[in-house]
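Numbering follows this note's numbering, with no gaps: position 210 of the first sequence is 392. A virtual CB, placed ideally from N, CA and C, is assigned to each residue, including glycine. For reference, the structure discussed in these notes is given below.
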Amino acid sequence: MESTIRNLITEALQAKFGIADVPFSLERPKDLTHGDYATNVALIASKQLGKNPMEIATDLMQMLQSADSRIASVSVAAPGFINFELNRSVMLDILADAVKDSWGQTTVYAGKKILVEHSSPNLFKPFHIGHLMNNTVGESIVRLARASGADVSTMSFPSDVSLGVAKAVFILLEKYGADFVPQEVSVLGDAYVEGTKRYADDETVQSRVKEIADNLYAQTLSPEWSLYERCKEFNIAYFEEIVARLGSHFDSYIYESEAGVDGKKLVLAHTPQVFTESEGAVVYTPDESQKLHTAVFINSQGNPTYEAKDLGLLELKFGKHSPDLSIFITDAQQVSHFNVVLDAAAHINPVWKEKSLHRYHGRMSFKGQKMSSRLGGVPLVEDVLAAVIEEVKEKNADITPEASEMIGIAAIKLVILRAMAGRDINFDPETSLSFEGDSGPYIQYTAVRAMSLIQKGAAAGISPHMQKPIAGTELLERMIARFPDIVTRAQTEWAPHYLVTYLLELAQAFNSYYGQHKVVDEDTEASAYRLGITHTLHTTLIKGLDMLGIAVPEKM
RNA sequence: GCACCUAUGGUGAAAUGGAUAUCACAGCGGUCUUCGGAACCGUUAUUCUGGGUUCGAGUCCUGGUAGGUGCACCA
């Protein structure tokens, strides 16, 4: 349709004014009262023609008025826009697909292999609210990718070996002995915090922790190694449980310990060509023009740093999965780190940089305070969820446990997803969390209400269909018909918030309609049509929310 | 110090260079013997600042101001 209109404009321009090559745009106006398509061609051409844009627009409008049977009307608006409104039948043709399984499936990345890495946990640290943000953004990107025609696989990159882990292991050994078997994740988290404190001001602790770190890196058989292995296994099980609750599953893991071994080899193999030795460490110094900082890849102790681990990760990722696009999600603080790593990686294998895409999210502060699990006192995901679910139950005492879980998660996820990724969110449960207005539960509620109407119709023997259109639903039809375009945009820019904005507007439009019209009444024919629209609305909300990682309960 | 990011009603956010800057919360005023009120309708109030580019700037360029983040052996 778009190219048809574009051609019609070009032809009219040539026929009427004898000019070509006007770089005009043809867009889908965000304001639906401006029609289905709008062009600025008259504004662009006015300089070249030396005429008033309104005159040009009016001339073109007259020529385009009946140029295509799918165009219902063409109008001119100041300062010189030409708006096209399509026939209702065009919308209804699109809506015929809205109740099919394929609704919302696009071909944006058809045939591509996409790998998404997100939610990477730090073992020995409980899953806190920062991870929740990463998981929410990551899961939504996974689901957008799955709706794009791509072959998608997911992975996570657990941080399983580090000095911090060694500090925790030191405490566990000291407190519980080598035979320690973890029962609760909080014990590990507490050990992490305590270890950090003890390490800070005690030299004998420092040397012992470093020794433990060496043994963990080298996988040397030792009391710390076997204790550590039990904790690692326990941690992964905990991680899988909590992300499953949030709707995520990982096809595979690459551990930092593996990536570290790989990364160290890679760095050494490319020294001194790419990396250089400096003060006992191996570093990478980017070209001056890059405006990046020098980074240590192997420290003077001989262990790979975060940089080398991420380099090793690139080799492992591309070696195992050979993706056409490798997306990874982290918080914004790591932007310059990855710029350096990718810059270094490009010297080893340019593909690693070309096919990698870093999407970052902002930081979540809690009641105005930056969260750091290293210092303790961090809100954990399970605690936050429990608090929110409690609120849901207060609002509705009859709610099922499944429904309250879905509603609580929707409320939190929407706070994160409605903002453009990359911005910080100050998460204050008092004000950030909402069950009304621009909120996850509002959209869920609208979907549940729509389903309830359909059931009411069924009880009255009315089944939804769209054979005989009636007046009053045109706006809803137009909005629903745009769903595939919105999904396409969200996928192209990897920006779930476009979808959030759309779903909120759509839910509002439906609720507004509902407030003014009776959907199911004595007029069976008209009721069936209204239910037909209601049905397409329902599937659109369900599919849209699913792409955000949000499920909808049956009742709420 | 250098680099990157951000600045929109009282609050939280949206806006592919486009039309009267959109939405929610809060406030104020209504709908209400419901098709499921987690709803609907009305109303008050917003682009940090100076310059520039453009037919047109919240958006692009540039100078400032304010905030955030990163800059060698943590991840």
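C-alpha distance - residue i paired with residue j, whole-angstrom precision
i    : j    : result
E707 : P651 : 10 Å
K552 : V563 : Reliability of the predicted coordinates at K552 is poor, the pLDDT of 45 falling under 50, and the value obtained from them is presented with this limitation in mind. Approximately 15 Å, taken between the alpha carbons.
K294 : D283 : 21 Å
I353 : T716 : 59 Å
A488 : K392 : Sequence inspection shows Tyr at residue 488; the Ala mentioned does not correspond to that position. Between Y488 and K392, the C-alpha separation is close to 17 Å.
S248 : F199 : 19 Å
H313 : P303 : 7 Å
F266 : D218 : 6 Å
E461 : N316 : 36 Å
L498 : G429 : 26 Å
E422 : F609 : 25 Å
T402 : I607 : 43 Å
E438 : E406 : 18 Å
A426 : V324 : 14 Å
E576 : A569 : 11 Å
Residue i in three-state terms, based on DSSP
i    : result
S541 : Residue 541 is actually Arg in this sequence, not Ser. Strand.
A259 : strand
L428 : coil
Y291 : coil
A249 : coil
S471 : helix
A280 : coil
S555 : With a pLDDT of 46 at S555, under the threshold of 50, the modelled position of this residue cannot be trusted, and the question is left open.
I418 : helix
Neighbourhood of residue i by C-beta distance below 7 Å, restricted to the same chain and skipping five residues each side
i    : result
F432 : T336, M337 and S338
I571 : S586, E587 and G590
Y627 : M738
F416 : P364
Residues of its chain near residue i, where Cβ-Cβ distance is below 8 Å and the 5 sequence neighbours each way are ignored
i    : result
L557 : Per-residue confidence for L557 stands at a pLDDT of 44, beneath the threshold of 50, marking its modelled position as unreliable; the derived number appears in the next sentence. Excluding positions up to five away in sequence, the list reads V375 and T378.
L686 : R600, D620, Y624 and I625
H529 : H452, Q455 and V456
I201 : L195, A227, Q230 and L231
R660 : L214, D218 and M273
I644 : V702, T706, S709, A710 and L713
Start and end residues, beta strand (DSSP E) containing residue i
i    : result
E459 : T458 to S460
A733 : Neither: A733 is in no beta strand (DSSP E) and is coded neither H nor E.
S335 : D333 to S338
Y437 : Taken as a continuous stretch (DSSP letters only), Y437 belongs to no beta strand (DSSP E), as it is neither H nor E.
N317 : Per DSSP, N317 belongs to no beta strand (DSSP E); it is in the alpha helix (DSSP H), I311 to R328.
L507 : L507 to D513
F479 : A477 to I480
A463 : A463 to Y466
N608 : I607 to F609
Same chain, Cβ closer than 6 Å to residue i, five either side skipped, listed in chain order
i    : result
Y420 : V367
P532 : none
L615 : A593
Extent of the continuous alpha helix (DSSP H) to which residue i belongs
i    : result
Y627 : G622 to A641
N521 : V517 to I530
A220 : Here A220 belongs to no alpha helix (DSSP H); instead the beta strand (DSSP E) covers Y219 to T221.
Buried/exposed call for residue i, threshold 16 Cβ in 10 Å
i    : result
M729 : buried
T318 : buried
Q365 : exposed
S555 : The predicted position of S555 is uncertain, since its pLDDT is 46 and thus under 50; a value taken from the coordinates is nonetheless stated next. Buried, because 16 or more other Cβ atoms sit within 10 Å of the Cβ of S555.
G484 : exposed
L345 : buried
M602 : exposed
L448 : buried
E299 : buried
Q637 : exposed
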